[in-house]
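Enquirer: In numbering that gives the first Met the number 0, the protein residues as written are 0 to 384. Don't be surprised by glycine CBs; every beta carbon is placed ideally from N, CA and C.
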Amino acid sequence: MDELDLILFITNLSLIVLVGVLMMATPNIIRKSLLFGIRVPTSAHNEAEVKAIKIKYRVLIIVYFAVVLGIAVAQYVIAPDLSLMATLYFPFFALIAAFLAYYPCYKGAKSLKESKGWKVDSSSMTETRSAVARQKLKDIPWIWYIVGIVATVAMVIYAFYKYPSIPDVIPTHWNAQMEADAWGNKSYLLLMTFPLINLAMLLTMLFSNVAVLKMKLQVNTEDAALSFAQHRLYRRLMGHMLGFYTLLMTGFCAFMVPTSFGINIMDGSSFWIIFVILMAGFILPIIPLYTHVGQGGCKLKPKVTNADRYAAGHPMAQPSMSRGDDRFWILGMFYYNPEDPAILVEDRFGSNGGLNYARLPGKILAIALGMLIVVTYVICTVIFY
């Protein structure tokens, strides 16, 4: 057991605990009109049965995530050399644990609604012309992406500048200690590896930012103007967070460029320090997103502008789409409504967005994202093992 394996083991435990804590907090950050994927009256969150379901969920989260922690400890004791692989794959164990805790609570919420005979307005408000106008691409925080593009171009220029002095044979694969264990002949294409990776990540984050900008968020019909104001601020905050992620990835790729050229090779300790900083940078912004922002910005208290009031009062802002009907939400998580033209919608459990799986673009995006995840994991597994 070396120092690196211990660092990875502690990282695994920390991530598992953090995800567990965030999952326990999820019922408190979603809208009061939602209970584990089931639409309920806003006043219902004060009822004893509802509180009991939430307590059950937290107990199940503790139990299942304790099992995941036990698996992590067993992995480190039995096979510490697999700690890096565990870092890659333990998030899947965490997702399974989260779903096992969620599902019985979803069933309980569904049964409770039926037994109580709760009738809830299932319509939602469509986006208005004025709201869409405020969500044009100019509202994306472009500065993050401009910096990323400039940095990518700088990496390319650096590669061409250094090309004559770069060894004829350069490393193409490293082990967990950042020791090169495979090499290839120098070529311009090979030197473009990290700039191309950075460009791909930049485009992915930009696409995600556009998706957040265009995502259909739920509107509180009791105070529609406030909802539009919350949506506006929520999209701005999410845009900056995604931009910050882009900058983190750009910095990581920039650090790796000299090592990939076979010059100024980074040692294992430096690499993992940078990696831990990178992971912390990705994780820490999620905490205020959960505690202070809430689902779709429902916890925010922004100043309501005249444009927000106009958007809420516009004829197109009247309830018209039955997006809130439980029958369109499989397991309370997956939206499937052929009648809804929207592709991106707000999740019912969590603070992210989801797809309308009944629409062809939604199906294509789901398949593409699934393939991207699989390919990413295959590449990471091959690189380090």
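Quick check: the stretch 52-68 against the stretch 86-100, are at least 3 beta-carbon pairs closer than 8 Å?
Expert: yes
Enquirer: Can you tell me which of V18, S226 and F206 puts its alpha carbon nearest to the alpha carbon of L364?
Expert: F206
Enquirer: What residue range does the alpha helix (DSSP H) around V218 cover?
Expert: Per DSSP, V218 belongs to no alpha helix (DSSP H) and is neither H nor E.
Enquirer: If you measure between the beta carbons of A65 and L12, is that distance less than 7 Å?
Expert: no
Enquirer: Should L34 and A108 be called a contact, given that it needs their Cβ atoms to be closer than 7 Å?
Expert: The answer is yes: Cβ separation under 7 Å.
Enquirer: Reducing DSSP to helix, strand and coil, say where A108 ends up.
Expert: helix
Enquirer: Using 8 Å as the threshold, is the stretch 175-193 in touch with the stretch 135-143, meaning 3 or more CB pairs across them?
Expert: In short, these stretches do not touch, since the Cβ pair count stays below three.
Enquirer: Can you say whether Y187 is buried or exposed, counting buried as having 16 or more other CB atoms within 10 angstroms of its CB?
Expert: Counting C-beta atoms within 10 angstroms of its own C-beta, Y187 has fewer than 16 neighbours from the protein chains shown and is therefore classed as exposed.
Enquirer: From which residue to which residue does the alpha helix (DSSP H) around V67 run?
Expert: A47 to I77
Enquirer: What is the residue span of the beta strand (DSSP E) that A179 lies within?
Expert: A179: member of the beta strand (DSSP E) spanning A179 to N184, first to last residue.
Enquirer: With a CB to CB cut of under 7 Å and the five nearest residues on each side skipped, what residues in its chain are close to K31?
Expert: T41 and H44
Enquirer: Is F92 helix, strand or coil when you go by DSSP?
Expert: helix
Enquirer: Flag this pair as yes or no: are the beta carbons of P166 and G19 separated by less than 7 Å?
Expert: no
Enquirer: Can you name, in chain order, every residue of its own chain whose Cβ lies under 6 Å from the Cβ of M23, other than the five neighbours on each side?
Expert: R57 and I60
Enquirer: Would you mind reading off the limits of the beta strand (DSSP E) that contains G353?
Expert: First-last of the beta strand (DSSP E) with G353: G352 to L354.
Enquirer: Taking all protein chains shown into account, do 16 or more other C-beta atoms lie within 10 angstroms of the C-beta of Y160, making it buried, or fewer, making it exposed?
Expert: exposed
Enquirer: Output the distance between the C-alpha atoms of Y244 and S110, rounded to the nearest integer angstrom.
Expert: 41 Å
Enquirer: Are the CB atoms of V256 and M191 within a distance shorter than 7 Å?
Expert: M191 places its beta carbon 7 Å or farther from that of V256.
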